[in-house]
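Student:
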Amino acid sequence: TTGTKYPLADYELMPKMAIVDADMMMNQPKGLTSASGIDALTHALEAYASIMATDFTDGLALKAMKNIFEYLPDAYDKGPHDAKAREKMAEASTMAGMAFAN
Numbered sequence: 064t065t066g067t068k069y070p071l072a073d074y075e076l077m078p079k080m081a082i083v084d085a086d087m088m089m090n091q092p093k094g095l096t097s098a099s100g101i102d103a104l105t106h107a108l109e110a111y112a113s114i115m116a117t118d119f120t121d122g123l124a125l126k127a128m129k130n131i132f133e134y135l136p137d138a139y140d141k142g143p144h145d146a147k148a149r150e151k152m153a154e155a156s157t158m159a160g161m162a163f164a165n
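All you need for the working numbering is the position in the sequence shown, starting with 1, plus 63.
(1) Within the same chain, show all residues whose beta-carbon is closer than 6 Å to that of Thr-105, passing over the 5 residues directly before and after it, in chain order.
(2) Where in the stretch 66-134 do unbroken runs of the alpha helix (DSSP H), each at least 4 residues long, occur, reported from the N-terminal end onward?
(3) Report buried or exposed for Tyr-69, applying the criterion of at least 16 other Cβ atoms within 10 angstroms of its Cβ.
(4) Using 8 Å for Cβ pairs, my map puts Ala-138 next to Arg-149. What's the rounded Cβ distance?
(5) In whole angstroms, what is the alpha-carbon distance linking Ser-156 and Ser-113?
(6) For Asp-137, does the three-state DSSP call read helix, strand or coil?
(7) Do Thr-120 and Ala-127 count as a contact pair if the criterion is CB distance below 8 Å?
(8) Could you give the distance in angstroms between the alpha-carbon of Lys-151 and the alpha-carbon of Pro-136?
Right under this line is the structure:
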């Protein structure tokens with residue numbers, strides 16, 4: 064491989080809906096929890112720093128970052144024993160994705 068990342072962007076590839084279910088995330092391993100949390104943080108940061116950012120995307124990105132910093136440590140440390148942290152991370156990931164996609 065060339066080591067180059069190429070984006071694929073086409074509205075035909077966009078899903079009609081996404082189902083975000085924190086219950087499905089309750090038992091994911093710590094490595095996946097941390098990686099997906101950092102990925103969501105990266106999406107939020109990219110959305111916030113974008114030259115295409117708007118007040119709406121900034122609001123979503125900032126709230127996502129706030130929730131990630133607040134709830135990722137507990138989602139990682141407590142895993143299935145902290146449903147609120149998992150739910151807030153699911154929300155943060157969704158908000159970051161919405162900000163990033165718009």
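Every residue, glycine too, gets a C-beta built ideally from N, C-alpha and C.
Tutor: This is what the structure gives:
(1) On the sequence shown, position 42 is the one that residue 105 refers to. Contacts found: none.
(2) 93-112
(3) Position 6 of the sequence shown holds residue 69. Exposed, since its Cβ has fewer than 16 Cβ neighbours within 10 Å.
(4) One-based indexing of the sequence shown puts residue 138 at position 75. One-based indexing of the sequence shown puts residue 149 at position 86. With 8 Å as the limit, Ala-138 and Arg-149 qualify as a contact, their Cβ atoms being about 5 Å apart.
(5) In the sequence shown, residue 156 corresponds to position 93, counting from 1. In the sequence shown, residue 113 corresponds to position 50, counting from 1. Computed Cα separation, rounded: 18 Å.
(6) By 1-based counting over the sequence shown, the position of residue 137 is 74. Note: Asp-137 maps to helix in three-state DSSP.
(7) By one-based count along the sequence shown, residue 127 stands at place 64. By one-based count along the sequence shown, residue 120 stands at place 57. No, the Cβ-Cβ distance between Ala-127 and Thr-120 is not below 8 Å.
(8) As a position in the sequence shown, residue 151 is number 88, starting the count at 1. As a position in the sequence shown, residue 136 is number 73, starting the count at 1. Whole-angstrom Cα-Cα distance: 12 Å.
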